[in-house]
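See structure below.
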Amino acid sequence: MIPELRARFNQQFSQGGYATVTRLLQQRCGWAGEYRVAETPIFIPLAMLNEMAAHGANLAQSLIKNPVYLERARRAIPAGYCVAGESAHPNFLTADFALIRNLSGDLAPRLVEIQAFPSVYGFQAVLCSAYCGAFDLEDRLRTYLSGLNEGQYWSLLTKTVVGSHDPENVVLTEIDPWQQKTRPDFEVTARQLGIAVVDIRDLEAIEDKLHYRDADGRLVPIHRIYNRAIADELMARAIRLPFDLTRPWDVEWAGHPNWYFQISKFSIPWLRLLPGANPVVPPAVFLSDFIEGGGRLELIKAGVELPVDAGPTTVYSNLLLKPLFSFAGKGIRFDPTQGQLEAIPRAQRAEFLLQQRMRFEPTIETPCGPTQAEIRILYLWPDGESLTPALSLVRLGRGKMMGVDHNRNQQWVGASAAFFPAD
């Protein structure tokens, strides 16, 4: 997107440099190819990143300030997963954007989804550093947002995760954390913040407090939980935790679990209904409204081209079917048919979204051909402070899906980073 920087990188690229990237990742966070890292970062104007960051922040704030929306969103939290002690705002926010061509032919961002859940904040910082070290990028190139430097970024992340507590009493929890593909992120986060990584199933409840056992087997009280256990996986695997999530435990959450549901794909139809709705939000309706209500007409009024007929074999090539609370692209269906939509039981249809399919513009010139980029803005929001865009994360791909799991057998695709000229 900055042609001279793109051309210069491509001309100077070497497989040795890419090997250095992977070696640095292995050294600094134990990355061992859990998912593909792209050969290249992208080069993008800061104004475009700031535009996306402002859109994501404004959308999240509009939801948090809307009591009608929040009440409906809380009702959508599955039974047994509404956690006590909800915070006034989420500590983490991510907003994913596609780059498309608008009617004027200009590149423009469109929201893919918004989620109040942590991303790979630790790994992404290491990846940015690895690109700089391996390819000797220009000194004027930056990657942190809001004027942050690397040290300030880690300080802000520490404040958000640890708060006012002793790091010994703060834990990062996940299901089978050392078997997850995000393990490198856990490793670097634990080292930088001085906190323990614990399987959420190993927490021990004593009276109204939760505890974990350290490396010496000592029982340590937990004052704050950096929650990385995804509710979708807990439900899919029918995992029974050793403590009741809904009980009011004497513990703080860094990333309160309720926000995972309240700012999610569930919010996208609502964002379209707000006064002065932001055009960055794609048209979307709940599947229940599409089949049984006015959702179909609503999409047509929003400019989505749909087939006139609606028989069982009718294909909706301009729509995506998405489960509301899935993660990492799980369960997304392209080109759904009317028959497939109607096959979803009526009681479950409110748990799915039909969203306009966006055509990613291939904007990254690579030796393997033009490549698409999905850009995620990573926000940090310490307790009682301001929502801050801190860093961006990029996924490069040439297929239907942009996630790293969907671009395995290609080159110049995968996890990447965005750099912008400081001037």
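Start counting at 1 in the sequence shown, then tack on 1440, and there's your number in this note's numbering. We put the beta carbon where it would ideally sit given N, CA and C, even for glycine.
Check	Outcome
Are there three or more Cβ pairs, one per stretch, closer than 8 Å when the region 1485 to 1503 is compared with the region 1709 to 1725?	yes
Alpha carbon to alpha carbon, what distance is there between residue 1612 and residue 1858?	27 Å
Comparing alpha-carbon positions, which option in 1816, 1752, 1829 lies nearest residue 1494?	1829
Thinking residue 1702 and residue 1556 are a contact (beta carbons under 8 Å), I'd like their distance in whole angstroms, please.	7 Å
From what residue to what residue does the beta strand (DSSP E) around residue 1448 run?	That residue, residue 1448, is in no beta strand (DSSP E); its alpha helix (DSSP H) goes 1443 to 1452.
Is the region 1634 to 1643 touching the region 1688 to 1707 in the sense that three or more CB pairs, one from each, lie closer than 8 Å?	no
Please work out which residues of its chain come closer than 6 Å, Cβ to Cβ, to residue 1790, disregarding the five sequence neighbours upstream and downstream, and give them in chain order.	1726, 1728
Output yes or no for whether 8 Å exceeds the beta carbon distance between residue 1668 and residue 1691.	no
What does the alpha-carbon distance come out to for the pair residue 1706 and residue 1734?	17 Å
Quick check: the region 1467 to 1478 against the region 1518 to 1529, are there 3 or more CB pairs under 8 Å?	no
Do residue 1820 and residue 1600 have their CB atoms nearer than 8 Å?	yes
Tell me, please, which residues DSSP counts as bridged to residue 1667.	1613
In the DSSP assignment, the alpha helix (DSSP H) including residue 1597 goes from what residue to what residue?	1590 to 1602
Is the region 1574 to 1585 in contact with the region 1779 to 1798, if contact means three or more CB pairs nearer than 8 Å?	no
In the DSSP assignment, find the beta strand (DSSP E) that holds residue 1837 and state where it starts and stops.	1828 to 1837
Could you give the C-beta distance for residue 1552 and residue 1745, rounded to a whole number, given that I count them as a contact under 8 Å?	Incorrect: roughly 20 Å between the Cβ atoms, too far for contact.
Alpha carbon to alpha carbon, what distance is there between residue 1649 and residue 1684?	12 Å
Roughly how many angstroms lie between the CA atoms of residue 1458 and residue 1616, to the nearest whole one?	30 Å
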